[in-house]
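Reading through the structure tokens given below for one structure.
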Amino acid sequence: MAINYADKYQKAVIDGFYPNALYSSALWQSPSNKTINFLDAKHIKVPRLSILSGRQDRERRTITQPAANYSLDYDVYELTNERYWSTLVDPSDIDESNQLLSIANITRQYNLDSKMPEKDREMFSKLFSQRQAANTAEGLDQNTGIHSESLDAANILKAYDQMMRNFDRARIPVQGRILYVDTGTYYMLKEAEAVNRTIIVGDQQNINRAVRSLDEVTIVAVPEDLFQTKFDFTNGSKTVADAKQIKMMLIYNGVQIAPEKYDFVGLDAPAAANSGNWLYYEQSYDDVLLLKPKFRGVEFFIAEKDGSADPVGRDKTAETDAKPNANNTVEEIKAYLDKKSIDYTGKTKKEDLLALVK
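Adding 113 to a residue's 1-based position in the sequence shown gives its number in my numbering.
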């Protein structure tokens, strides 16, 4: 009978790869995960505590009727992401590679190159789709809390401030907010913050208090190809042409739960059934679920993808560098229009700017 290493392997993956190889590590280890009860490997239940009534005026010399003033219910979820990975390893390859092709090294490389990027993509894209689904369920516009204004050095701090104010209005706690940004937006944000602080230091009598400090949040920069609204998860994870680029995502860590469970992890020694090869196999369940009462605790700024998010697209841009196209950034298109003395006043969206390209 094969030995199941599932529990030990799951702990080894979390301890060994999450801290340094997973950009969404904090979200996968959500504080709300401790409320999860696994019914089996694929089903969980999450408690939902509701208070039935508030405080009331007290009348002297009266006895009130004691009663439970809360309701405890459970929401049951089925984890939708069921994944597996396996590989055969020829003992001769292990010997000839001086142990480079050992099972341990192969699974380590698989976790680094395939599983961790896939989990980042799953986390960010599912939070986006679930925010849209929550909006629809609440009777709101599907894109409430999802902003598409073009970001630049002049408005990026105000965009950040806008999301922070929305969280304040929704009574989302300040402690625990994380700002995820793509790499381009990260440097734009830091440059804008430096300029803003210089202005404040130089003009103490006229400090702009409209913009919240970035020190109030934890900032995490994410590579563009991991930070998009949708992906193809048929085999590992791949970018898709019709996805949007996520530029910024502000989240209160705990509005989501991220249950994950390894159901089986095993290694079979070379045998006739394996044609004399080592056989490694793992299977797991996981999901990302935005909690209904807390769905306002995640907001996005999105934009069309540019070539930096897709190397093939960037090469295509280089081939037709004479005129900008959909693979160029908004700034590149504006630079072209400036060079051609074409007025684009009032136009900030990429499609509107491209319409002016002649």
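Beta carbons are placed, not taken as given, at the ideal position from N, Cα and C, and that holds for glycine.
Straight-line gap, residue i to residue j (C-alpha atoms, nearest Å)
i	j	result
E445	L467	11 angstroms
K453	K447	10 angstroms
D120	V411	31 angstroms
A356	Q255	16 angstroms
L140	N309	30 angstroms
L380	W391	7 angstroms
I116	Q123	15 angstroms
Y375	I157	14 angstroms
R427	R196	Caution is warranted here: a pLDDT of 39 is assigned to R427, below 50, making its placement in the model unreliable, and the coordinate value is therefore given only provisionally. If I take the Cα positions, the gap works out to 32 angstroms.
R168	A181	13 angstroms
D400	K462	34 angstroms
T298	F414	11 angstroms
A354	L404	29 angstroms
A416	A247	21 angstroms
I269	I364	17 angstroms
S263	G459	12 angstroms
Y118	A154	15 angstroms
I347	N194	Checking the sequence, you will find Thr at residue 347 rather than Ile. Going from the Cα of T347 to the Cα of N194 covers about 11 angstroms.
D128	Y223	16 angstroms
S166	R290	29 angstroms
Sequence-distant residues of the same chain with beta carbon closer than 6 angstroms to residue i, five excluded per side
i	result
N133	none
K271	none
L225	A134
E306	L327
L240	V411
S436	Going by the sequence as given, residue 436 is Lys instead of Ser. Only V470 meet the Cβ criterion.
R409	A283
N211	none
S227	G349
I164	Y183
Residue i versus the options, residue with shortest Cα-Cα distance
i	options	result
N438	K452, K418, I455, Y457	K418
Y393	A250, Q169, V335, A382	A382
S137	E464, K124, L192, R234	R234
V378	T220, K360, K158	T220
T200	D188, F346, L214	L214
P160	N146, R168, R171	N146
V333	R325, N348, Q341, M362	M362
Y187	T148, F346, Q243, P179	T148
G258	R244, S388, E251, L152	R244
V335	T175, K232, Y449, D208	K232
W198	E262, K460, Y398	Y398
I359	E172, T331, T296, E209	T296
M236	F344, G389, Y118, V189	F344
N366	F340, V287, E337	V287
V126	E337, E395, D456	E395
H260	T249, A250, Q275, L253	Q275
Span of the beta strand (DSSP E), counted from its first residue to its last, around residue i
i	result
A246	Not the beta strand (DSSP E): A246 falls in the alpha helix (DSSP H), residues 229 to 250.
I157	156 to 164
R196	194 to 202
A181	No beta strand (DSSP E) holds A181; DSSP gives it neither H nor E.
V413	Looking at the sequence provided, one finds Phe at residue 413 rather than Val. First-last of the beta strand (DSSP E) with F413: 411 to 416.
DSSP beta-bridge partners of residue i
i	result
G379	Y394
T331	I291
Q341	Q358
E304	Bridge partners of E304: none, in fact.
F151	I157
E191	H156
V373	The sequence shown places Glu at residue 373, not Val. Per DSSP, D399.
K351	D345
Y365	R290
D186	R161
Residues of its chain near residue i, where Cβ-Cβ distance is below 7 angstroms and the 5 sequence neighbours each way are ignored
i	result
L162	Y183, L185
M229	F130, A134, L135
D434	The predicted position of D434 is uncertain, since its pLDDT is 47 and thus under 50; a value taken from the coordinates is nonetheless stated next. Closer than 7 angstroms at the Cβ level, and outside the excluded window around D434, lies no residue.
K407	V368
A266	M301, E304, A305
N150	I157, K158
E464	none
D203	N390
Terminal residues of the alpha helix (DSSP H) in which residue i lies
i	result
K463	463 to 467
F130	119 to 134
E444	443 to 452
Q255	Looking at the DSSP string, Q255 is not in any alpha helix (DSSP H), and its letter there is neither H nor E.
R171	Here R171 belongs to no alpha helix (DSSP H), and DSSP marks it neither H nor E.
F346	First-last for F346: undefined, no H or E at that position.
S138	138 to 141
D281	269 to 282
N219	For clarity, residue 219 is Ile in the given sequence; the question names Asn instead. Here the alpha helix (DSSP H) through I219 covers 216 to 223.
Own chain, CB closer than 8 angstroms to residue i, minus 5 neighbours either side, in chain order
i	result
D206	L214
D170	none
N387	L201, D381
K351	F344, D345
A371	L140, W141, Q142, S143, N146, M236, D399, D400, V401, L402
Short CB-CB distance (under 8 angstroms) between residue i and chain C
i	result
F346	Looking at the structure shown, chain C is missing, and only one protein chain is on hand.
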